[in-house]
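Heads up, the sequence shown is in our numbering, so the first residue is 2 and it goes up one at a time. By construction, the Cβ of each residue, glycine as well, lies at the ideal position given by its N, Cα and C atoms. Below you'll find the structure, written out as structure tokens, and then a few comments.
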Amino acid sequence: MKILTIIGARPQFVKEAIIQNEISKYNDIKEIVVHTGQHYDNNMSGIFFDVLNMKKPEYNLGIKASKHGEMTGKMLIMLEDIMIKETPDIVLLYGDTNSTLAGAIAASKLKIKIAHVEAGLRQEPKDMPEETNRVLTDRISDYLFTPSELGIENLKREGITNNVYFTGDVMYDVFLKMKPKFDYSLLSILNLEKDKYIMMTMHRDFNVDFPEKLEKILKGVNKISNEMKVVLPLHPRTKKRIKEFGLEQEIQNVKIIEPIDYLKLMGLTENCFKVITDSGGYQKEAYFAGKQAVIIMPDTSWRELTDSGLNKLTNEENIYNHIVNIEKKDYVKDIYGNGKAAENIISILKKS
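Right under this line is the structure:
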């Protein structure tokens, strides 16, 4: 079997690393990896290469950020040429990026089977680019691997029932694989006590690019920090906006630190009280670490966590109330499988 895998954004490198680790167990599977060039940051992703021994992609298209149509079009042209040259049996795709959609369209036109990891996720608003990418990719995929049971239900409501599999979430595989290497050094450096601080991340444009909204968020967080320490690794985008809008005084009680890598972030998360975030990945990682999270978003594609009551959606007006009053819920196990998603995915593809 020959698999051609397409990756473009940082989270996809992480997911591919764990899938690649599983593929390496089989002598009868050949994998060709294509990096579209959409986004990669060695400071953020390098640790996964080191720990999971991910090989370098065979192709790097070098397509950088531009308008959505232009980027997707360039990818489509170049990916089609690679697929014709490599003649894979399956094209493997992750998530909801322009790289994902371009790969799906190219493979579909060439009548190559498509496997979509993280199928079945749905999120409002429906006109957001990521939602368009994931919905269209699901419609033309031959194998749909969902991270949760809710993904199966979402697809069923859209009339998609063939070759849909609940495999679990590959990011949970990653969490378990990396867990022995979590870095707890910042606990003593920052003078933090277990369960007596809140971890926060924030970087989304809809939260940080609007002065009034950002000010309300920071005021709410600063109010929380009067009662319990809040630790905020400050994303470059958020840092820039705080300075631009003159809001430095609104975080005077918050413990601001430089951005940290995955291992340090997980070390802090495992020992915190709760999490505040607008990150899609981090709200899941909080769950993996057994922590409830307040999500500064109008909606989330990880609705399993809000439906269960473990996580809570909030806005700039209600951060303080939601973090203080979030109802303590018993931990619900195995929402995203048992840590064998990669094994399940490759096992299914081998039987195809």
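Residue i versus residue j: straight-line alpha-carbon distance, rounded
{"i": "LYS16", "j": "THR133", "result": "21 Å"}
{"i": "SER67", "j": "TYR60", "result": "20 Å"}
{"i": "GLU23", "j": "LYS275", "result": "33 Å"}
{"i": "ASN227", "j": "ILE277", "result": "16 Å"}
{"i": "THR168", "j": "SER100", "result": "22 Å"}
{"i": "ASP206", "j": "THR307", "result": "22 Å"}
{"i": "ILE33", "j": "ASP170", "result": "22 Å"}
{"i": "MET45", "j": "LYS57", "result": "Any answer about MET45 is weak, because its pLDDT of 47 lies below 50 and its placement is not dependable; what the coordinates show is given next. Rounded to the nearest angstrom, the two C-alpha atoms are 16 Å apart."}
{"i": "LEU219", "j": "ILE91", "result": "47 Å"}
{"i": "PHE183", "j": "LYS329", "result": "26 Å"}
{"i": "ASN345", "j": "LYS352", "result": "11 Å"}
{"i": "ASN208", "j": "THR315", "result": "12 Å"}
{"i": "ASN28", "j": "GLN21", "result": "13 Å"}
{"i": "THR73", "j": "ILE257", "result": "37 Å"}
{"i": "TYR263", "j": "SER186", "result": "13 Å"}
{"i": "ILE106", "j": "MET172", "result": "25 Å"}
{"i": "SER348", "j": "LYS114", "result": "16 Å"}
{"i": "GLU131", "j": "THR138", "result": "11 Å"}
{"i": "SER280", "j": "LYS214", "result": "17 Å"}
{"i": "GLY160", "j": "PHE14", "result": "31 Å"}
{"i": "LYS65", "j": "MET76", "result": "10 Å"}
{"i": "PRO12", "j": "ARG135", "result": "15 Å"}
{"i": "ASP196", "j": "CYS273", "result": "5 Å"}
{"i": "VAL118", "j": "THR147", "result": "7 Å"}
{"i": "LYS178", "j": "LYS341", "result": "11 Å"}
{"i": "THR239", "j": "SER25", "result": "39 Å"}
{"i": "ARG123", "j": "ALA287", "result": "20 Å"}
Per-residue DSSP class, three states only, for residue i
{"i": "LEU32", "result": "According to the sequence displayed, residue 32 carries Glu and not Leu. GLU32: strand per DSSP, three-state reduction."}
{"i": "LYS275", "result": "strand"}
{"i": "VAL255", "result": "coil"}
{"i": "MET203", "result": "coil"}
{"i": "ASP184", "result": "coil"}
{"i": "GLU17", "result": "helix"}
{"i": "MET45", "result": "Residue placement at MET45 is flagged as unreliable, the pLDDT there being 47, under the threshold of 50; the coordinate-derived value follows with that caveat. Three-state result, MET45: helix."}
{"i": "GLY70", "result": "helix"}
{"i": "PHE192", "result": "The sequence given here places Asn at residue 192; Phe does not occur at that position. Looking at ASN192 - three-state DSSP - the assignment turns out to be coil, as it is neither helix nor strand."}
{"i": "ASN339", "result": "coil"}
{"i": "GLY221", "result": "helix"}
{"i": "ASN319", "result": "coil"}
{"i": "LEU248", "result": "coil"}
{"i": "GLU328", "result": "coil"}
{"i": "GLY281", "result": "helix"}
Candidates the options: closest to residue i by CA position
{"i": "ILE297", "options": "ILE346, LYS110, VAL165 and ILE324", "result": "ILE324"}
{"i": "PRO234", "options": "THR202, LYS110, VAL209 and ILE252", "result": "THR202"}
{"i": "ASN54", "options": "LYS313, ALA18, PRO130 and LEU269", "result": "ALA18"}
{"i": "PHE289", "options": "HIS204, ASP335, LEU188 and LYS329", "result": "ASP335"}
{"i": "LEU145", "options": "LEU151, TYR166, GLU154 and GLU159", "result": "TYR166"}
{"i": "ALA103", "options": "LEU122, LYS329 and GLU81", "result": "GLU81"}
{"i": "GLY282", "options": "ILE106, LEU111 and ASP97", "result": "ASP97"}
{"i": "ASP331", "options": "LEU311, ILE347 and GLU318", "result": "LEU311"}
{"i": "ALA10", "options": "TYR337, LEU94 and GLY340", "result": "LEU94"}
{"i": "VAL255", "options": "ILE64, GLY63, ILE83 and LYS230", "result": "LYS230"}
{"i": "SER149", "options": "TYR337, ALA342 and SER353", "result": "TYR337"}
{"i": "GLY121", "options": "PRO89, ASN155 and GLU131", "result": "ASN155"}
{"i": "LYS127", "options": "LYS65, PRO299 and THR315", "result": "PRO299"}
{"i": "HIS236", "options": "LYS244, GLU259 and ASP51", "result": "GLU259"}
{"i": "LYS180", "options": "GLU245, GLU213, GLU271 and LYS241", "result": "GLU271"}
{"i": "ILE8", "options": "ARG158, LYS341 and GLY38", "result": "GLY38"}
{"i": "VAL355", "options": "ILE347, LYS292, ALA342 and MET129", "result": "Shown here, the chain extends from 2 to 353; a query on residue 355 therefore has no answer."}
{"i": "ILE252", "options": "SER280, ASN223 and MET267", "result": "ASN223"}
{"i": "LEU151", "options": "ILE347, GLY340, ALA294 and SER309", "result": "SER309"}
{"i": "MET200", "options": "ILE243, PRO212 and GLY268", "result": "GLY268"}
{"i": "GLU216", "options": "ASN192, GLU245, LYS195 and ILE190", "result": "GLU245"}
{"i": "LEU225", "options": "ILE320, LYS112 and GLU194", "result": "Looking at the sequence shown, residue 225 is not Leu but Ile. Out of ILE320, LYS112 and GLU194, ILE320 has the C-alpha closest to the C-alpha of ILE225."}
{"i": "VAL175", "options": "ASN322, LYS285, GLU317 and ILE327", "result": "LYS285"}
Identified DSSP bridge partners for residue i
{"i": "LEU314", "result": "ILE296"}
{"i": "ASN164", "result": "Beta-bridge pairing links ASN164 to no other residue."}
{"i": "THR6", "result": "VAL34 and LEU93"}
{"i": "VAL333", "result": "Bridge partners of VAL333: none, in fact."}
{"i": "LEU233", "result": "ILE257"}
{"i": "ILE349", "result": "None, per the DSSP bridge assignment."}
{"i": "MET267", "result": "Per DSSP, none; premise fails for MET267."}
{"i": "ASN61", "result": "HIS36"}
{"i": "TYR198", "result": "LYS230"}
Suppose only complete runs of 4+ residues qualify. What are the alpha helix (DSSP H) ranges in the region 104-165, listed by chain order? Counting whole runs of 4 or more residues, the region 104-165 contains the alpha helix (DSSP H) stretches 130-141 and 150-158.
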